[in-house]
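Each remark here refers to the structure printed beneath this line.
Residue numbers (the working numbering), protein chains in the order written: chain A, 187 to 842; chain B, 405 to 658.
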């Protein structure tokens with residue numbers, strides 16, 4: 187309950203809604219006690235008094251105080267609205283829940299019936315029901331309740347259906363748990379949040395609905411009165427006593443707004459959106475600080491470095507959060523020569539994906555990227571104006587992502603998408619673009635490219651889509667292809683084809699390749715160099731040829747030994763890395779791997795080792811590099827070490 | 405405890421002229437106490453085999469039996485004591501609103517052999533089996549890492565003490581270092597509990613490591629099967645060879 191109330195005082199609209207709600211509740215409770223006499227006592231000599239100090243909104247034809255009547259009507263109006271919503275929920279919810287608890291057939295029947303009911307205008311249904319039951323508040327309440335029930339039924343059914351498809355419900359089914367238990371244990375608790383939001387909002391809708399019925403004379407009948415009824419009587423005298431309509435109109439509007447705001451505030455708390463403003467402020471502050479520090483460190487730019495495709499020095503990426511800035515990339519430096527194939531390997535949360543997004547200038551607001559040096563093809567990216575930057579990167583750098591389906595526009599033909607970049611950057615005609623698209627699609631091994639041009643992404647298989655993505659990147663003969671887990675979603679045989687394709691492009695066009703993967707075996711089968719990242723830092727950088735003989739960082743070695751391959755000894759346990767990687771934001775001052783490392787000393791825990799050159803092309807950041815022991819010798823971890831006793835570990839994604 | 409016998413299993417999706425046969429006359433046996441690795445690519449029908457065994461899809465033909473009982477004819481509760489499943493995605497297979505303790509307790513409900521009062525100690529024993537500290541019983545899944553969640557899912561599957569456990573791609577959503585932990589835990593549990601297991605994976609190296617026998621599936625048909633070392637060392641079917649050739653390899657160890 188506390189988590190439910192929290193949003194009410196953590197956002198402006200939430201506070202407004204909470205205050206209004208309290209005022210309405212108080213009015214509903216005390217108003218009849220205070221104003222009953224003024225509201226109901228007939229005093230004909232005082233009829234049609236204009237608004238004044240004694241009677242704020244004037245008096246009606248029988249001399250009753252209109253303001254007092256409006257206040258007194260609060261109780262009946264709110265009570266009927268709550269009851270109507272309750273009826274709607276009590277009818278709709280069980281219907282919707284049961285419909286999806288029992289088989290596909292009943293769901294289909296249910297959906298068509300509810301579909302028809304929802305299509306029928308709610309007010310008309312309410313009027314019909316109201317007339318059948320009898321004109322008056324009970325009729326109106328029942329009418330609105332029944333009219334809104336299908337809405338709840340459908341909501342409950344769709345929500346339930348979305349949960350029913352999840353694995354934990356399947357798991358419960360395989361355990362032989364009964365349908366009703368599954369409903370109560372696994373489904374209801376997980377659909378409760380959106381239902382609470384809708385229930386809250388529905389009270390506002392009920393208020394409007396019942397007021398409308400009363401206004402039409404189908405609701406409260408004298409001597410009963412609610413806001414709708416008051417509005418209706420007020421309207422008859424609107425030309426000479428306009429204030430009589432203002433009171434009930436304001437109350438109806440305010441009450442409607444209150445419950446809408448309330449629903450929104452609750453939804454906001456579930457969706458965790460209330461920090462947006464603070465995050466935005468933090469982002470601006472961080473960006474300003476970053477500009478300042480860049481100005482300061484602009485001096486020591488080393489000139490005369492070898493021609494390189496990519497040269498990053500101390501690359502840092504920060505994202506603001508309500509617990510202070512998170513730094514998924516904490517000072518990454520590396521260098522990529524023309525035509526080189528390098529791979530970044532790291533586990534979830536190592537910052538490898540954010541690093542390449544930063545290299546491609548794709549870190550979106552509110553992320554902040556800083557670097558002492560970030561040069562692509564020997565040009566400092568920070569110095570290029572936005573317009574030049576886009577074109578420069580667009581023509582020289584190709585990005586391939588893990589999920590080609592989300593990188594391709596599903597509504598545009600493949601051919602159009604492949605040719606797009608060239609048509610934008612080189613101003614090719616439609617026919618030229620088509621020629622180029624055919625050429626490039628053929629080049630990446632898509633058969634019958636000409637007919638496939640006219641197909642849409644969903645008509646391509648996963649491997650074909652990934653080829654199309656690569657073809658898109660190749661239209662400008664880029665100097666660098668960055669491929670971020672491009673084969674993770676693919677089958678091994680298709681993965682092999684994509685890896686071969688990248689190797690061929692590299693061999694034929696001299697395109698440098700930066701390949702990101704969590705699988706070190708994939709990296710070594712396509713790259714000449716392996717860059718190992720851990721907790722937002724590069725910990726080792728060495729030639730693939732030396733990996734199995736010269737890797738010195740305990741993390742690199744652990745990573746190699748943790749992966750079973752076709753030679754792994756089946757009689758032995760796999761080497762594991764005790765504990766878990768630090769989450770973004772958990773930054774120790776020493777070596778980030780120290781807590782999981784069998785060789786860690788106090789020095790490791792106190793001071794972060796720098797990435798230092800060991801020999802040509804081999805860098806490592808470690809106080810105790812393992813030089814003498816062969817890589818494949820497992821260093822056994824303490825027996826109980828993989829019992830993760832430290833609390834909490836969620837964020838598995840690479841990005842905050 | 406008994407092994408699993410699948411004989412002539414055929415599963416179709418869709419009806420009438422639109423029916424697609426996704427599993428076509430598949431037969432295999434998981435010997436008692438052994439692990440059968442079922443490999444194949446996406447769309448090969450291996451997950452459908454798992455779903456048929458668990459009763460989540462209805463086969464059009466064939467028998468699935470454990471200890472002489474035909475699974476498709478059993479009630480859900482009786483099937484639960486015969487076979488359990490570990491799912492691929494540890495983030496989707498645990499109810500986010502239930503604590504680790506409640507999740508494992510629910511699986512214990514299917515057991516007749518332990519009393520209510522013994523259940524708590526059984527939960528702790530199972531957690532210990534998957535190398536989790538006892539204090540996680542109070543925790544919600546979101547406070548656990550992916551590897552920890554998968555270990556809870558393993559404990560849940562073993563909790564019901566079924567004859568056979570089906571593991572469907574259980575490490576493919578995990579990081580490699582976590583995968584190693586989960587595989588070690590699984591091997592340890594299998595060694596102490598004597599269950600039979602159908603281990604489904606597209607990762608040949610993982611299948612080789614954990615299985616005793618292997619079956620290779622392509623387009624709904626088993627194309628090759630046998631002792632895991634034999635099949636992977638000298639594959640006969642071209643598809644098995646193609647799969648083996650595609651496995652990314654680390655450079656030779658020294």
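Every residue, glycine too, gets a C-beta built ideally from N, C-alpha and C.
Residue i vs residue j beta-carbon contact at 8 Å
i: residue 511 (chain A); j: residue 503 (chain A); result: no
i: residue 653 (chain A); j: residue 687 (chain A); result: yes
i: residue 468 (chain B); j: residue 557 (chain B); result: no
i: residue 737 (chain A); j: residue 778 (chain A); result: no
i: residue 452 (chain B); j: residue 409 (chain B); result: no
i: residue 547 (chain A); j: residue 575 (chain A); result: yes
i: residue 616 (chain B); j: residue 450 (chain B); result: no
i: residue 494 (chain B); j: residue 577 (chain B); result: yes
i: residue 623 (chain B); j: residue 431 (chain B); result: no
i: residue 629 (chain B); j: residue 637 (chain B); result: no
i: residue 508 (chain B); j: residue 530 (chain B); result: yes
Close-in-space but distant-in-sequence residues of the same chain around residue i (CB under 7 Å, 5 per side omitted)
i: residue 410 (chain A); result: 262 and 323
i: residue 626 (chain A); result: 604, 657, 660 and 661
i: residue 202 (chain A); result: 447
i: residue 651 (chain A); result: 590, 591, 594 and 643
i: residue 424 (chain B); result: 416, 417 and 418
i: residue 710 (chain A); result: 716, 730 and 733
i: residue 480 (chain A); result: Legend: pLDDT at residue 480 (chain A) = 49, less than 50; position of this residue unreliable, no value from coordinates given.
Contacting residues, own chain, Cβ-Cβ under 8 Å from residue i (five flanking each side not counted)
i: residue 315 (chain A); result: 325, 328, 329, 332 and 333
i: residue 413 (chain B); result: 427, 429, 430, 431, 453, 456, 463, 465, 466, 467 and 468
i: residue 257 (chain A); result: 213, 217, 220, 221 and 225
i: residue 656 (chain B); result: none
Under 9 Å from the C-beta of residue i: neighbouring residues of chain A
i: residue 599 (chain B); result: In chain order: nothing, as chain A lies at least about 15 Å away.
i: residue 554 (chain B); result: Under the 9 Å cutoff, chain A gives no residues; its nearest Cβ is about 12 Å from residue 554 (chain B).
i: residue 405 (chain B); result: Result: empty, since nearest Cβ-Cβ is about 18 Å, beyond 9 Å.
Contacts that residue i makes with chain B (C-beta to C-beta distance below 8 Å)
i: residue 719 (chain A); result: Within chain B, no residue comes near residue 719 (chain A); the closest Cβ sits about 13 Å away, beyond 8 Å.
i: residue 706 (chain A); result: 580 and 654
i: residue 744 (chain A); result: 581
Residues of its chain near residue i, where Cβ-Cβ distance is below 6 Å and the 5 sequence neighbours each way are ignored
i: residue 650 (chain B); result: none
i: residue 726 (chain A); result: 718, 739, 742 and 806
i: residue 435 (chain B); result: 407
i: residue 236 (chain A); result: 244
i: residue 541 (chain A); result: 515 and 518
i: residue 420 (chain B); result: none
i: residue 485 (chain A); result: With a pLDDT of 36 at residue 485 (chain A), under the threshold of 50, the modelled position of that residue is not reliable, and the figure given next carries that caveat. Nothing listed; no residue qualifies.
i: residue 242 (chain A); result: 253
Per-residue contacts from residue i into chain A (C-beta, under 7 Å)
i: residue 501 (chain B); result: 375 and 376
i: residue 588 (chain B); result: 759, 760 and 762
i: residue 605 (chain B); result: Simply none; closest approach about 11 Å.
i: residue 567 (chain B); result: Ordered by position in chain A, no residue passes the 7 Å Cβ test against residue 567 (chain B), which lies about 14 Å from the chain.
Chain B contact residues for residue i, given Cβ-Cβ distances below 7 Å
i: residue 665 (chain A); result: The premise fails here: residue 665 (chain A) is roughly 26 Å from chain B at the closest Cβ pair, so nothing lies under 7 Å.
i: residue 766 (chain A); result: 549
Neighbour list for residue i in chain A, Cβ cutoff strictly below 8 Å
i: residue 647 (chain B); result: 678 and 679
i: residue 564 (chain B); result: 361
i: residue 612 (chain B); result: 750, 752, 754 and 756
Heavy atom of the ligand NAD within 7 Å of residue i beta-carbon
i: residue 377 (chain A); result: By its list of ligands, the structure shown contains no ligand whatsoever, and the ligand NAD lies outside what it can speak to.
Contact set between residue i and chain B, taken where Cβ atoms lie within less than 9 Å
i: residue 533 (chain A); result: 579, 580, 581 and 582
*Taking only beta carbons into account, state which residues of the region 347-368 of chain A come closer than 9 Å to chain B, listed in chain order.*
352, 353, 354, 355, 356, 357, 358, 359, 360, 361, 362, 363, 364 and 367
_Pairs of beta-carbons, one from the region 802-814 of chain A and one from the region 564-575 of chain B, closer than 8 Å: are there three or more?_
no
*Taking one C-beta from the region 611-626 of chain A and one from the region 693-712 of chain A each time, how about it: are there three or more such pairs within less than 8 Å?*
no
*Between the region 494-509 of chain B and the region 367-385 of chain A, do three or more beta carbon pairs fall short of 8 Å?*
yes
*Hey, is the region 595-615 of chain B in contact with the region 392-399 of chain A, meaning 3+ C-beta pairs nearer than 8 Å?*
no
*So does the region 398-406 of chain A actually touch the region 205-214 of chain A, counting three or more Cβ pairs closer than 8 Å?*
no
*Counting Cβ pairs closer than 8 Å, one from the region 247-256 of chain A and one from the region 414-428 of chain A, do we hit at least three?*
yes
*Give, in chain order, every residue of the region 612-633 of chain B whose Cβ lies closer than 7 Å to some Cβ of chain A.*
612 and 613
*What residues in the region 713-739 of chain A bring their beta carbon closer than 8 Å to a beta carbon of chain B?*
730, 731, 733, 734 and 735
*Is the number of C-beta pairs between the region 299-306 of chain A and the region 348-361 of chain A that are closer than 8 Å three or more?*
no
*Contact residues within the region 500-529 of chain B, judged by C-beta distance below 8 Å to chain A*: 500, 501, 502, 510, 511, 513 and 514
*Is the number of C-beta pairs between the region 492-499 of chain A and the region 673-688 of chain A that are closer than 8 Å three or more?*
no
*asked:* Counting beta carbon pairs with one atom in the region 661-675 of chain A and one in the region 628-641 of chain A, are three or more of them shorter than 8 Å?
replied: no
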